[in-house]
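The structure under discussion appears below in the form of structure tokens.
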Amino acid sequence: MVMGGVMHIDEAAEAPVNIRVPADKSQVAMIRAIAETLAVLADFSLDEVADIKLAVDEAAMTIIAGASPDAELKVALTAADQKFHAIIQSWFPVDNTLVQQGFGWHVLQTLTSLVAVHEGETRRNGRLVAIELSK
């Protein structure tokens with residue numbers, strides 16, 4: 001579902017785990033651990049769990065790299081029926097763009113069945129940018 005130009009997980013499908021933390025790289029280990037726990041509980045294979053952890057880590061670091069100072073990182077994770085879905089988003093300054101190239105972006109595309117970038121409309125204080133991924 002699209003709201004305000006940024007994707008939101010459909011809560012009717014499965015109840016997502018929602019996380020709100022400062023957009024700081026020190027938070028990535030906790031986000032990765034939660035994604036891992038959800039994937040294990042949803043009976044993903046060990047290889048798939050490793051892929052999910054790495055993809056969530058890379059997506060979070062990519063969003064954090066472009067986020068406004070003192071921005072909040074919002075993460076929504078769903079794992080059920082051998083499907084994992086994540087949306088990781090934060091506010092970017094108007095002049096920042098999300099880098100969709102390089103090794104990290106290649107890793108995201110390789111490890112997931114879907115990786116997409118969604119941008120909200122620009123406002124005076126910036127714009128909401130999200131990475132959506134599925135496995």
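Using the working numbering, the first residue of the sequence shown is number 1, and each one after it goes up by one. Every residue gets a Cβ at the ideal spot worked out from N, C-alpha and C, and that includes glycine. Fair warning: this is a prediction, and the values are worked out from it, not measured in the lab.
Asked, Found
"Determine, using beta carbons only, whether A71 and A23 come nearer to each other than 7 Å.", "yes"
"Any contact between the segment 102-117 and the segment 24-36? By contact I mean 3 or more CB pairs, one from each, below 8 Å.", "no"
"Between the alpha carbons of G126 and A15, how many angstroms are there, rounded?", "29 Å"
"Can you grab the Cα-Cα spacing for the pair M87 / A65, in whole Å?", "One point to set straight first is that residue 87 is Ile, not Met, in the sequence displayed. Straight-line Cα distance between these residues: approximately 16 Å."
"Going by alpha carbons, who is nearest to D57 out of L111, L128, P69 and P93?", "L111"
"Does any residue of chain D bring its CB to less than 7 Å from the CB of A71?", "The chain labelled as chain D is not found in the depicted structure, where only one protein chain is given."
"Between which residues of its own chain and S113 is the CB-CB distance below 8 Å, once the five residues before and five after are set aside?", "S134 and K135"
"Helix, strand or coil: which one does DSSP assign to F84?", "strand"
"Under the rule that 16 or more other beta-carbon atoms within 10 Å means buried, what is V75, buried or exposed?", "buried"
"Count the other CB atoms, across all protein chains shown, that sit within 10 Å of the CB of T97; report buried if there are 16 or more and exposed otherwise.", "exposed"
"With A60 and L73 assumed to form a contact (beta carbons below 8 Å), what rounded beta-carbon distance in angstroms separates them?", "7 Å"
"Taking the C-alpha atoms as reference points, what is the distance between P69 and P93?", "9 Å"
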